[in-house]
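The structure appears right after this line, and notes come after that.
Number of protein chains: 4
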Amino acid sequence: MDQLDEETKKKFQNLTQLGQSLELLSQQKLQIDSTIRETEMALEELEKASPDTVVYKQVGGILVKSERNKLLDEKKSDKETLNMRSNTLAQKIERTKSTFENMQKSLQADLQNQ
Amino acid sequence: MDQLDEETKKKFQNLTQLGQSLELLSQQKLQIDSTIRETEMALEELEKASPDTVVYKQVGGILVKSERNKLLDEKKSDKETLNMRSNTLAQKIERTKSTFENMQKSLQADLQNQ
Amino acid sequence: MDQLDEETKKKFQNLTQLGQSLELLSQQKLQIDSTIRETEMALEELEKASPDTVVYKQVGGILVKSERNKLLDEKKSDKETLNMRSNTLAQKIERTKSTFENMQKSLQADLQNQ
Amino acid sequence: MDQLDEETKKKFQNLTQLGQSLELLSQQKLQIDSTIRETEMALEELEKASPDTVVYKQVGGILVKSERNKLLDEKKSDKETLNMRSNTLAQKIERTKSTFENMQKSLQADLQNQ
Chain A
1139 MDQLDEETKK KFQNLTQLGQ SLELLSQQKL QIDSTIRETE MALEELEKAS PDTVVYKQVG
1199 GILVKSERNK LLDEKKSDKE TLNMRSNTLA QKIERTKSTF ENMQKSLQAD LQNQ
Chain B
1139 MDQLDEETKK KFQNLTQLGQ SLELLSQQKL QIDSTIRETE MALEELEKAS PDTVVYKQVG
1199 GILVKSERNK LLDEKKSDKE TLNMRSNTLA QKIERTKSTF ENMQKSLQAD LQNQ
Chain C
1139 MDQLDEETKK KFQNLTQLGQ SLELLSQQKL QIDSTIRETE MALEELEKAS PDTVVYKQVG
1199 GILVKSERNK LLDEKKSDKE TLNMRSNTLA QKIERTKSTF ENMQKSLQAD LQNQ
Chain D
1139 MDQLDEETKK KFQNLTQLGQ SLELLSQQKL QIDSTIRETE MALEELEKAS PDTVVYKQVG
1199 GILVKSERNK LLDEKKSDKE TLNMRSNTLA QKIERTKSTF ENMQKSLQAD LQNQ
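Protein chains in written order, with our numbering: chain A, 1139 to 1252; chain B, 1139 to 1252; chain C, 1139 to 1252; chain D, 1139 to 1252.
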């Protein structure tokens, strides 16, 4: 590392940071996609249930009695919000990946010219 | 590493990849086996309960009222599916392990001949 | 490392320990802040519910029927306790960070003088 | 490592394995102690509740209606079993730690005599 010029060192640091960002974004997307699948399973159960089925909402260590139609609306809205966030993350990942690959090529060119 | 010939390097890379696959498959099996144990505990509770016991299904942050016999069937079917997946993974792990060990021996032979 | 004098080695060890403490404290704060957010979501649901809504408390693998007003008080008190712990941790993190940075500068000065 | 004699190498390997065992045992104890705390919180709620309070048992993605006195007995028995396991682990950890420290000293003596 000591023999590299300043600009190449900087590129190397940026590349490392981009790699870490990519990993973080991928983890966030995995988690949101898993919540989407759980929300879809909840929706499936609610859609199979009749409107007067007893349902509860579970949050922060408590259960509160609710209504099937109300929870159905809530979970549909949750799913939309989560889908939007997942798509935004997918775009961010795509852009970061492309920047990463360009910087990687540029760095490789630098290293071959030294 | 620089002194190894191309074929040996390739074997080394394949061995590393196989090791990572093995670890991933083992983690997946651990998780499925843990879900099987939880499903068996649910089945046990349902079998002890009378057919008219109040039961709920828990999914994606909601609870939906169900029936003991219905949940019993569902959990039995879940258990079968999970058992099949666990067995498939066990076979995959066995095959990957055997390939790993053969490649390891071949690599050791290569290294001793260099 | 072998060429460093005893005092510099000690500073290096202290710096490493402080770095580990900082990481641990940050993880604890993240976890408490996540519990605060969950508690706030529970409070929100309870505040929207009428006083006679059926509610349950969920703890250690069981559900116990409770009352909306009782759980509302409990969760408000939980939130206060959690907020105090989060603030105490924030102060500890701030102080540890400041000690870390001072020791880092002192160590850098030592290394340049050797 | 290459200059060490066979016996010292073996001691080193055993020491590493003991260290890994210690870490694993400590993690298992942490997890059991956390389940004990949760079981104690469940017991506390059940003890405060009147015998006719509606309670549910939560297991493997379902809720089954139960009775306060029945769950109280079950959770007391759970707590005893968990306490025994925690104590057994504490003893195992103590013994492993002592073996680890003896082997560490023996290894240090070997290294100084080489």
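Using N, Cα and C, we set each Cβ at its ideal position, and we do this for glycine too.
Keep in mind the model is a prediction, meaning the values are calculated, not measured.
- Here VAL1202/A is bridged, per DSSP, to LYS1195/A and VAL1193/C.
- The three-state secondary structure of ALA1247/C, taken from DSSP, is helix.
- Taking the Cα positions, GLU1145/A is about 14 Å away from THR1154/A.
- Judged by beta-carbon spacing, GLU1176/D lies within the 7 Å limit of GLY1198/C, meaning their Cβ atoms are closer than that value.
- Scanning LYS1147/A, LYS1186/A, ARG1223/A and GLU1212/A for the CA closest to the CA of SER1164/A turns up ARG1223/A.
- Boundaries of the alpha helix (DSSP H) harbouring ALA1180/D: 1144 to 1186, taken from the DSSP string.
- Classified as buried, GLN1196/D has 16 or more neighbouring CB atoms from the shown chains inside 10 Å of its CB.
- Cβ-Cβ separation between LYS1217/D and LEU1181/D: approximately 7 Å, consistent with a contact (criterion under 8 Å).
- Sixteen is the threshold: since fewer than 16 other Cβ atoms of the shown chains lie within 10 Å of the Cβ of ARG1233/D, the residue is exposed.
- LYS1186/B counts as exposed, since fewer than 16 other C-beta atoms from the protein chains shown sit within 10 angstroms of its C-beta.
- LYS1147/B is classed as exposed because its beta carbon has fewer than 16 other beta carbons within 10 Å across all chains shown.
- With respect to chain C, the C-beta atom of LYS1195/D has a partner C-beta closer than 7 Å.
- Of all residues in the stretch 1178 to 1208 of chain D, those with a C-beta nearer than 8 Å to a C-beta of chain B are TYR1194, LYS1195, GLN1196, VAL1197, GLY1198, GLY1199, ILE1200, LEU1201, VAL1202 and LYS1203, reading in chain order.
- For GLU1218/D, no Cβ of chain C is located within less than 7 Å of the residue's own Cβ.
- When GLN1151/A, LEU1142/A, ASP1143/A and LEU1168/A are compared, the shortest CA-CA separation from LEU1227/A is found for LEU1168/A.
- Residues of chain D with a Cβ closer than 8 Å to the Cβ of GLU1176/B are, in chain order, VAL1197, GLY1198 and GLY1199.
- Note on GLU1183/D: 16 or more other CB atoms within 10 angstroms of its CB, so buried under the neighbour-count rule.
- With 16 or more other Cβ atoms inside 10 Å of its own Cβ, LEU1201/A counts as buried.
- Between GLU1205/A and ASN1221/D, the alpha-carbon positions lie close to 41 Å from each other.
- Counting the other CB atoms within 10 Å of its CB gives LYS1243/C a total below 16, which places it among the exposed residues.
- Between LEU1209/D and VAL1193/D, the C-beta gap is smaller than 7 Å, which places the two residues in contact.
- ASN1152/B has its alpha-carbon roughly 16 Å from the corresponding atom of ILE1231/B.
- Spanning the alpha carbons of ILE1174/B and ASN1225/B requires a straight line of approximately 12 Å.
- One alpha carbon belongs to LYS1214/A, the other to LYS1213/B, and they sit about 26 Å apart.
- With distances taken between CA atoms, THR1191/D lies nearest to ASN1207/D out of ASN1207/D, ASN1240/D and LEU1245/D.
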